[in-house]
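Here the structure comes first, spelled out in structure tokens, and everything after it is commentary.
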Amino acid sequence: MNISLIFYDFQRCRFALKVVGKNGCFVECVLHLPSNSPVKIDSQDLLQIGDKKFYLLLIVYNILRGSLLATSLTLLHPFCRPLHLPFAWVALPPPLHHSSKKGRG
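Below is the structure:
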């Protein structure tokens with residue numbers, strides 16, 4: 120069985136992968152087994168679960184400003200990650216914009 124769980128680790132303020140299936144999986148060409156602790160994963164990491172290989176792509180979104188950030192800097196350079204505001208940077212869809220008109224008239 121090739122089962123893995125990708126989740127957000129709130130204690131470490133980052134995404135992680137926990138191997139559940141008995142066959143394990145590869146993260147950046149390193150084998151991880153169910154007995155291992157959760158593995159930190161970043162955007163553009165190569166994952167292999169079973170015979171399927173794919174890249175994890177995360178969008179960085181600032182919920183305080185309502186706009187996308189310079190994601191190339193944030194995702195490619197680990198020293199630029201906004202670790203000082205761990206809950207302000209999450210992967211979310213854009214906010215809904217409501218019309219100022221009231222009623223049908």
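The opening position of the sequence shown corresponds to residue 120 in the numbering used here, with each subsequent residue numbered one higher. Just so it is clear, CB atoms sit at the ideal spot from N, CA and C, and this is done for glycine as well.
Report yes if the C-beta distance between residue i and residue j is below 8 Å; otherwise report no.
i, j, result
"Q163", "L176", "yes"
"F145", "A135", "no"
"S123", "K141", "no"
"R131", "K159", "yes"
"G143", "P153", "yes"
"L165", "C148", "yes"
Residue i lies in the beta strand (DSSP E); which residues open and close that run?
i, result
"L124", "123–128"
"Q167", "165–168"
"K141", "First-last for K141: undefined, no H or E at that position."
DSSP has residue i in a bridge; who is on the other side?
i, result
"R133", "D128"
"C148", "None; C148 has no bridge partner."
I'd like to know whether the C-beta of residue i is nearer than 8 Å to at least one C-beta of chain C.
i, result
"L175", "Of the chains in the structure shown, none is chain C; there is only one protein chain."
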